[in-house]
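Residue numbers (this note's numbering): 44 to 298.
Note that beta-carbon positions come from the ideal geometry of N, C-alpha and C, so glycine has one too.
Fair warning: this is a prediction, and the values are worked out from it, not measured in the lab.
Input: a single structure, listed below in structure tokens.
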Amino acid sequence: MLNAVRQDLLHSRGMGTASEVVVGGCSAGGMAVYLHCDSWASEIATVNSNTHTVCLADSGWFPLVPDSAGFPSTWFNGVWEGGFNFHNSSAALHPECLAHFNATMQWQCVMPEISASYTRTPLFIFQSRYDSFQIFNMERCIPMPPDPKSPCSDGVVTLWGDLVRDGVVGYLKGPLGSAAGSAAFVDSCYHHCGTWADFDEIRSWGNGNVTGSEAFGLWHAKPRAALYEQDTAYPCLGALCCGAHGPDGIAAEIL
């Protein structure tokens, strides 16, 4: 299916003549960007070697949850493993990654922190430290913070944010992240899939104090290693972290 869509776009919809292509997606689509970024770039290059292809992953950095880091739940690791086995996903993953793991651990190649380290195409990551989908679903913080009845304290959510942020930074500093000139915008707003509403709102506090879209524009003109970041403990509400649009869910009701 993916290959059929690519062929249609390249040969029937004009992508084959494009000078610039951004392969993007959010949430599950953002996760797919990490998995398929290189295959998109390779297929586009076979049609037009002059096309400049980069990838934009929004809210797709779903981390592996360590067993001993103070988190209340690691159950979502099994969700990823079950999905990999159910869909027989190995055919769509990086061959080098699959070769690195034994058969029982190859499911980890689905995870962005693993698959990104095999990605050679320039990649821009737009990711919240306190991704509202992840806090609710992966850590089972129900009701969601900052509700005082939530089983997850602010400290636990902050710890989650550190896990996400450190994983992204580790990729940027890794050999392929550095070689590709990949960059990231990591904010502290409690939201998910921000490019549709928050890309022009949320601002970094360093590296130029620019919005997400401005950071992407600067990077797209010349891909280079860069980190645009908001760095604060949870919760960070209102315009300080989230811009005029505001964060998702309960946090938005508190403003």
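Check                                                                                                                    : Outcome
Outcome for glycine 57 when other beta-carbon atoms lying within 10 angstroms are tallied against a minimum of 16        : exposed
Collapsed DSSP secondary structure at glutamate 257 in the structure displayed                                           : helix
Alpha carbon of glycine 286 to alpha carbon of arginine 246, nearest angstrom                                            : 7 Å
Backbone CA spacing between glycine 292 and methionine 148 [nearest angstrom]                                            : Because the pLDDT at glycine 292 is just 47, under 50, the model does not fix this residue reliably, and the value given afterwards should be weighed accordingly. Taking the straight line joining both Cα atoms gives about 35 Å.
Cα-Cα separation, asparagine 145 to histidine 130                                                                        : 18 Å
Identified DSSP bridge partners for arginine 163                                                                         : Arginine 163 pairs with nothing; no bridge assigned.
For glycine 67: DSSP bridge partner residues                                                                             : Leu99
Span separating the alpha-carbon of glutamate 244 from that of asparagine 250                                            : 16 Å
Leucine 78 - partner residues in DSSP beta bridges                                                                       : Answer by DSSP bridge pairing: none, since leucine 78 is not bridged.
Within the region 154 to 218, ranges of the alpha helix (DSSP H) (whole runs, at least 4 residues)                       : 155 to 158 and 197 to 216
Contact under 8 Å by Cβ, proline 155 with tyrosine 271                                                                   : no
Which residues DSSP lists as bridging valine 229, in chain order                                                         : Gln170 and Glu272
Beta-bridge partners of arginine 246, as assigned by DSSP                                                                : Thr254
At least three beta-carbon pairs within less than 8 Å, the region 221 to 241 to the region 90 to 105                     : yes
Whole-number beta carbon distance between serine 231 and arginine 172, since they are thought to touch under 8 Å         : 5 Å
Alpha-carbon to alpha-carbon, proline 194 and leucine 219                                                                : 38 Å
Boundaries (first-last residue) of the alpha helix (DSSP H) holding histidine 143                                        : 138 to 143
Nonlocal neighbours in the same chain, by C-beta distance under 7 Å from alanine 142, ignoring five residues either side : none
8 Å contact criterion, which valine 90 and glycine 125 should meet: CB distance rounded                                  : In fact, because the Cβ distance is near 37 Å, the residues do not count as touching under 8 Å.
Three-state class that DSSP yields for valine 108 in the structure shown                                                 : coil
C-alpha distance - alanine 294 paired with tyrosine 233, whole-angstrom precision                                        : Here the model assigns alanine 294 a pLDDT of 39, short of 50, so the residue's position is not dependable, and the following value carries that caveat. Distance between the alpha carbons of alanine 294 and tyrosine 233 is about 7 Å.
Element boundaries [alpha helix (DSSP H), containing cysteine 284]                                                       : 282 to 285
Serine 62 vs phenylalanine 176 beta-carbon contact at 8 Å                                                                : no
Collapsed DSSP secondary structure at asparagine 300 in the structure displayed                                          : The chain is shown from 44 up to 298; residue 300 falls before or after that span and cannot be answered.
Test item: CB-CB of phenylalanine 114 and methionine 74 under 8 Å                                                        : no
Distance CB(alanine 223)-CB(threonine 275) smaller than 8 Å                                                              : no
Check whether valine 66 and threonine 96 have beta carbons under 8 Å apart                                               : yes
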